[in-house]
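In terms of our numbering, the sequence shown opens at residue 326 and continues consecutively.
Here a beta-carbon is modelled for each residue, glycine too, at the ideal position from N, C-alpha and C.
Here the structure comes first, spelled out in structure tokens, and everything after it is commentary.
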Amino acid sequence: MGEVREFTLPDLGEGLTEATIVRWLVAVGETVRVDEPVVEVETAKALVEVPCPYAGVVTSHAAGEGAEVAVGAPLVTVAVSPGGKAAAAPEPEHVGGSGNVLVGYGTAEPTGRRPRAALRPPGLAAPGAGTGAGEELRSGADRGAPVPVISPLVRRLAREHGLDLRTMTGSGPDGLILRADVERAVRTGRESTVRESSTQHGAAQRGRAPERAPRERRIPLRGRRGTAAERLARSWAEIPDASCWVDADATELLAARKEMNAATAQDRSPASISLLALLGRVCTAALARFPELNSTVDTEAREIVVLPEVHLGFAAQTDRGLVVPVVRDAHTLSAEELTAEMARLTEAARAGTLTPAELTGGTFTLNNYGVFGVDGSTPIINHPEAAMLGVGRIARKPWVVDDELAVRSVVQLSLTFDHRVCDGGTAGGFLRHVADCVEHPARLLRTL
Numbered sequence: 326m327g328e329v330r331e332f333t334l335p336d337l338g339e340g341l342t343e344a345t346i347v348r349w350l351v352a353v354g355e356t357v358r359v360d361e362p363v364v365e366v367e368t369a370k371a372l373v374e375v376p377c378p379y380a381g382v383v384t385s386h387a388a389g390e391g392a393e394v395a396v397g398a399p400l401v402t403v404a405v406s407p408g409g410k411a412a413a414a415p416e417p418e419h420v421g422g423s424g425n426v427l428v429g430y431g432t433a434e435p436t437g438r439r440p441r442a443a444l445r446p447p448g449l450a451a452p453g454a455g456t457g458a459g460e461e462l463r464s465g466a467d468r469g470a471p472v473p474v475i476s477p478l479v480r481r482l483a484r485e486h487g488l489d490l491r492t493m494t495g496s497g498p499d500g501l502i503l504r505a506d507v508e509r510a511v512r513t514g515r516e517s518t519v520r521e522s523s524t525q526h527g528a529a530q531r532g533r534a535p536e537r538a539p540r541e542r543r544i545p546l547r548g549r550r551g552t553a554a555e556r557l558a559r560s561w562a563e564i565p566d567a568s569c570w571v572d573a574d575a576t577e578l579l580a581a582r583k584e585m586n587a588a589t590a591q592d593r594s595p596a597s598i599s600l601l602a603l604l605g606r607v608c609t610a611a612l613a614r615f616p617e618l619n620s621t622v623d624t625e626a627r628e629i630v631v632l633p634e635v636h637l638g639f640a641a642q643t644d645r646g647l648v649v650p651v652v653r654d655a656h657t658l659s660a661e662e663l664t665a666e667m668a669r670l671t672e673a674a675r676a677g678t679l680t681p682a683e684l685t686g687g688t689f690t691l692n693n694y695g696v697f698g699v700d701g702s703t704p705i706i707n708h709p710e711a712a713m714l715g716v717g718r719i720a721r722k723p724w725v726v727d728d729e730l731a732v733r734s735v736v737q738l739s740l741t742f743d744h745r746v747c748d749g750g751t752a753g754g755f756l757r758h759v760a761d762c763v764e765h766p767a768r769l770l771r772t773l
């Protein structure tokens, strides 16, 4: 066996300092090629496959699945075969070294990946080798069966609720533990806690000491959750924000969307135009009139930086939490193009495959909290942006039209803005223009 080389967690960009190991793609005892992905990690931005700059036999994993690893910390060791070092890589100064990069930006020409199906389940050692630190989990009823691969979402859900997957029996193929199995275990645990509390109460009334108090549950503030907490706290501490809101009659906007989609169907276009995309188009038109809200504050230079492009962020709720994908150059896109790009980013968000570039660089955020059935909100600005438009649910309400009472589709629009970049007149003008475009979509055409 050749020289054993240590590969550390590379700099993943965007100022990230740590990552959580989701699963090992190459087990201890298996061979690895130059630039072959060896581990899947979760950063505060996305799931990332990390390639190794060495070829040889994996001799150890530095940490198990679910563990946090800092940038520059040991990740894996490889017994390098002759000629197994990446040809284009320098001697590995792994902290920020040029040889440690992401898939698609390898240290040498692509050598091709082994098919996923050919990989031994993560953490399961090769015959005759010891198991690694990240041994793959099997359901309790199938210890002798082939090891099924448990999804990162299921692992995360189990960690958040303090469940040990090794003690569970899965209902999936070959005993695979599914999300439904974890959720069922969580519900069972809650019911057990309620029964235990009732029993303890009865025992106390009968003069007997309770057997055991229910345990508190702690959720680690790390990964995406930790990064979101830090960003929200920074926004709240640094940005002197203010909010204004207005109710708008969205009846005509809904009718216009219906007509647009009817025309789209006649043209056999593959997708309909979404309401979120129409609202995004309204935002870009309003920002063209009130560019101060498409800006950021350079605190060191004491300057307001008005940005020429609109990179539109939009809030998307996923099983992995709230994320804000960014539509690049949204001001150049039509409603149909915005619909397609938002759909693509939303699907990637739900799959956990958004890249760091797709989650950063926004200049203005659109937050449609109406999907949760609420009317209004005062959201925290997505630092370092200067404003966020919130959209509540569209509900049928009484509304005065031409001095007569009618039932219309009404929506509440709210704007939270950085008071350093503009005063209330500018913020009010922006919000009023948005509301006017919602109530009279034809006005939007004059800005296109």
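Assuming A380 contacts V357 under a Cβ cut-off of 8 Å, what Cβ separation, rounded to an integer in Å, is found between them?
-> Contact holds; Cβ gap of about 6 Å.
Output yes or no for whether 9 Å exceeds the beta carbon distance between V651 and L637.
-> The Cβ atoms of V651 and L637 sit closer than 9 Å to each other.
Using a threshold of 8 Å, is the CB atom of E374 nearer than that to any non-hydrogen atom of the ligand NAD?
-> With respect to the ligand NAD, the structure shown offers nothing to examine, as it has no ligands at all.
Determine, using beta-carbon pairs with one atom in the region 723-738 and one in the region 545-558, whether at least three such pairs fall under 8 Å.
-> The region 723-738 makes no contact with the region 545-558: fewer than 3 CB pairs, one atom from each, lie closer than 8 Å.
Where R768 and E577 are concerned, what is the direct C-alpha to C-alpha distance, given to the nearest angstrom?
-> One alpha carbon belongs to R768, the other to E577, and they sit about 12 Å apart.
How many Å lie between V366 and E625 at the Cα?
-> Distance between the alpha carbons of V366 and E625 is about 34 Å.
Out of curiosity, what's the CA-to-CA distance linking D644 and E328?
-> Cα to Cα, D644 sits roughly 43 Å from E328.
Secondary structure at N707, three-state DSSP: helix, strand or coil?
-> Per DSSP, reduced to three states, the secondary structure at N707 is coil, with no helix or strand assignment.
Outcome for G376 when other beta-carbon atoms lying within 10 angstroms are tallied against a minimum of 16 = In the sequence under discussion, the amino acid at residue 376 is Pro, which differs from the Gly named in the question. Classification for P376: buried.
Entirely within the region 614-647 and at least 3 residues each: give me those beta strand (DSSP E) ranges in chain order.
-> Counting only runs of 3 or more, we get 620-623, 628-631, 637-639, 641-643.
Take every Cβ of the region 700-707, pair it with every Cβ of the region 662-676, and state whether three or more of those distances are shorter than 8 Å.
-> Contact between the region 700-707 and the region 662-676 is absent, with fewer than three C-beta pairs closer than 8 Å.
How would you call A760, buried or exposed, if buried means at least 16 neighbouring beta carbons within 10 angstroms?
-> Buried.
Can you tell me whether L337 is buried or exposed, with buried defined as 16 or more other CB within 10 angstroms of its CB?
-> The residue is buried, with at least 16 neighbouring Cβ atoms inside 10 Å.
Within this structure, are the beta carbons of G753 and S739 separated by less than 9 Å?
-> No, they are not a contact pair.
Just mark H744 as buried or exposed, buried being the case when its beta carbon has 16 or more other beta carbons within 10 Å.
-> Exposed is the label assigned to H744, since fewer than 16 other Cβ atoms lie within 10 Å of its Cβ.
Name the one or two DSSP bridge partners that G715 has.
-> Its beta-bridge partners are N692, S739.
Just confirm the distance between the C-beta atoms of L831 and V746, as a whole number of angstroms; I'd bet it's less than 8 Å.
-> What is shown of the chain runs 326 to 773, which leaves residue 831 out entirely.
Please confirm whether P378 and V359 have their CB atoms less than 9 Å apart.
-> If you check the CB distance, P378 and V359 come in under 9 Å.
Label R348 either buried or exposed according to how many other C-beta atoms from any shown protein chain fall within 10 Å of its C-beta, with 16 as the threshold for buried.
-> Classification of R348: buried, given that the 10 Å Cβ count is 16 or more.
Contact under 9 Å by Cβ, N586 with S568 = No, Cβ-Cβ distance for N586 and S568 is not below 9 Å.
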